[in-house]
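Chemist:
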Amino acid sequence: MGSDTAILVLHIAASLVWVGGGFSTVLTGTMRKGRASADAQVAQLQSLTFLGLYLFFPAMIIAVGSGLLMVMSAPQGWEAFAVLGLIGVAATLAYNALILHPTGRRAVAVARERGTIAALVELKRFSRLAKFDLALRVSVVAVMVIKPDWTDYASLGVLAAILAVGAMVSFAE
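Quick note: the sequence shown, position 112, residue 111 per numbering that gives the first Met the number 0, numbers continuous.
(1) What alpha helix (DSSP H) runs, 4 residues minimum, are completely inside the segment 89 to 167?
(2) State the Cα-Cα distance for the pair Val137 and Leu158, rounded to the nearest angstrom.
(3) What does the Cβ neighbour count give for Thr150, buried or exposed, with the cut at 16 atoms within 10 Å?
(4) Measuring only the C-alpha atoms, how far is Leu213 from Gly156?
(5) Check whether the segment 58 to 77 and the segment 29 to 38 touch, using three or more Cβ-Cβ pairs below 8 Å as the test.
(6) Taking the C-alpha atoms as reference points, what is the distance between Gly28 and Ser126?
Dropping the structure here:
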């Protein structure tokens with residue numbers, strides 16, 4: 000296996016872990032909704048927060064680093080899909096750092112200070128916000144699979160639709 004293939008395999012594996020993190024966050028939030036006690040929901044969020052910091056975030060860094068290596072070594076260089084993918088990853092990183100992770104930490108802090116029942120509002124907000132994070136991640140994967148150029152309006156429209164549906168599902172509740 001050549002170094003290009005090894006980097007590609009690393010990129011795909013890290014991307015799967017990163018996207019799987021978003022999917023598992025939404026899935027566990029949906030499954031726990033109405034079924035788990037407030038204590039179990041807070042414990043689950045603590046686990047997701049831990050995995051986010053020590054598994055999903057490093058996977059994203061590896062995916063971005065390996066992706067950059069592939070772009071920099073490719074003869075065609077910075078194509079539209081590479082730029083769009085990096086923009087998507089940057090948006091996901093900013094969204095997680097500035098919105099999603101602080102919301103999760105706030106829910107855990109409320110649970111610690113005022114009890115787990117008091118944290119249910121923040122837990123619901125976290126679950127809602129995680130859906131948009133997943134839409135961001137899916138759009139990055141779509142960019143990498145479709146590989147649109149700047150004039151591929153149909154594909155760019157699909158990407159916009161993914162984000163619009165994610166926003167509606169996340170922010171309309």
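Virtual Cβ for every residue (Gly too), placed ideally from N, Cα, C.
Modeler: To lay it out plainly:
(1) Runs found: 100 to 113, 119 to 145.
(2) If I take the Cα positions, the gap works out to 9 Å.
(3) Its Cβ having fewer than 16 others within 10 Å, Thr150 is exposed.
(4) Examination of residue 213 is not possible in this model, given that the chain is present from 0 through 172 alone.
(5) Not touching, per the Cβ criterion.
(6) Cα atoms of Gly28 and Ser126: separation of roughly 5 Å, rounded to the nearest angstrom.
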